[in-house]
Amino acid sequence: GIQVEQSPPDLILQEGANSTLRCNFSDSVNNLQWFHQNPWGQLINLFYIPSGTKQNGRLSATTVATERYSLLYISSSQTTDSGVYFCAVALANQAGTALIFGKGTTLSVSS
Amino acid sequence: GAVVSQHPSWVICKSGTSVKIECRSLDFQATTMFWYRQFPKQSLMLMATSNEGSKATYEQGVEKDKFLINHASLTLSTLTVTSAHPEDSSFYICSGRAGDQPQHFGDGTRLSIL
């Protein structure tokens with residue numbers, strides 16, 4: 001099956017710092033989503049981004065589908081950004097397939 | 112945006128009992144629903160995929176007789192953990208999808224089996 005690798009596995013930042021999270025995937029995809037899982041377990045959908053670049057406030061994401069990777073940028077990090085960030089993909093040419101998740105990046109932002 | 116409601120959010124029960132978890136799409140018709148399980152400090156692992164009116168497709172290693180999935184309508188899917196044991200304790204998350212639209216996730220159910 002498709003492999004989804006996220007890096008780094010853990011990231012510790014001071015408040016105000018910027019960071020880049022990476023997601024590599026092993027096959028062509030037609031769906032890629034970035035999520036933030038908060039301490040209560042809720043998955044917050046950050047971006048639906050099978051290709052291109054999107055921005056939402058301090059967050060932005062870029063997916064280069066031809067090179068099979070996606071990047072999530074967090075600028076001016078805040079303590080509320082702490083949690084686990086997941087990248088999840090679904091295979092192309094298979095309608096209705098489920099998202100497959102990477103192992104996540106655990107972000108800790110301290111004040 | 113699309114909302115998926117999952118209930119209960121937390122359940123504790125005795126070993127040997129059955130537990131039902133509901134997943135509802137509130138403002139869209141979920142042609143496909145998915146069930147995931149997440150153990151502490153780990154990622155989400157897909158358990159099964161269900162299309163409305165059809166039998167669920169289970170991932171390898173997931174016991175279909177233990178984890179009963181019903182998707183009787185375009186807005187409701189249920190997961191029943193039968194004869195639950197402590198090793199079934201986990202965080203279960205459902206999601207719904209309309210066609211090729213993004214998947215939308217419920218808030219999850221923490222299941223603790225004593």
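Read top to bottom, the protein sequences are chains G and U. Each step along the first sequence adds one to the number in the numbering used here, with nothing skipped, and position 48 is 48. Heads up, the numbering used here is the position in the second sequence plus 111, with the first residue counted as 1. Don't be surprised by glycine CBs; every beta carbon is placed ideally from N, CA and C.
(message) At a CB distance below 9 Å, what residues from the stretch 200-214 of chain U approach chain G? Give them in sequence order.
(response) F202, I204, S206, R208, G210, D211, Q212, P213, Q214
(message) Below 7 Å on C-beta distance, what does Y85 (chain G) contact in chain U?
(response) Neighbours of Y85 (chain G) on chain U: none; closest Cβ ~11 Å, over 7 Å.
(message) Suppose contacts are defined by Cβ-Cβ distances below 8 Å. Is Q6 (chain G) in contact with G102 (chain G) by that definition?
(response) yes
(request) Out of U:G207, U:S200, U:D138, U:V115, point me to the one whose CA is closest to E163 (chain U)'s CA. (result) U:G207
(request) Thinking Y69 (chain G) and N24 (chain G) are a contact (beta carbons under 8 Å), I'd like their distance in whole angstroms, please. (result) 5 Å
(message) Once the 5 residues before and after T97 (chain G) are set aside, which same chain residues still bring their CB inside 8 Å of it?
(response) A90, L91
(message) Does the CB of Q113 (chain G) have a neighbour CB from chain U at under 8 Å?
(response) As shown, chain G starts at 1 and ends at 111. That puts residue 113 (chain G) outside it, with no answer to give.
(request) Go through its chain and collect everything with a Cβ distance to D10 (chain G)'s Cβ below 6 Å, but skip five positions before and after it. (result) T106
(message) Strictly below 9 Å CB to CB, what residues from chain U border Q33 (chain G)?
(response) P213, Q214
(message) Looking only at its chain, what residues have a beta carbon closer than 6 Å to the beta carbon of T160 (chain U), apart from the 5 residues adjacent to it on each side?
(response) F145, T168
(request) Let me know the secondary structure DSSP gives T20 (chain G) once reduced to three states. (result) strand
(message) Below 9 Å on C-beta distance, what does L157 (chain U) contact in chain G?
(response) A98, L99, I100, F101
(request) Would you mind working out which of G:L72, G:S77, G:A88, G:Q42 sits nearest D27 (chain G), comparing C-alpha positions? (result) G:A88
(message) I'd like to know whether the C-beta atoms of E133 (chain U) and T189 (chain U) end up nearer to each other than 8 Å.
(response) yes
(message) Beta-carbon within less than 7 Å of I204 (chain U)'s beta-carbon, same chain only, minus the 5 sequence neighbours each way: which residues are those?
(response) Y147, Q149, L155, F216, G217, G219
(request) Enumerate in chain order the residues of its own chain whose CB-to-CB distance from S120 (chain U) is below 8 Å, with the five nearest sequence positions on each side excluded. (result) D218, G219, T220, R221
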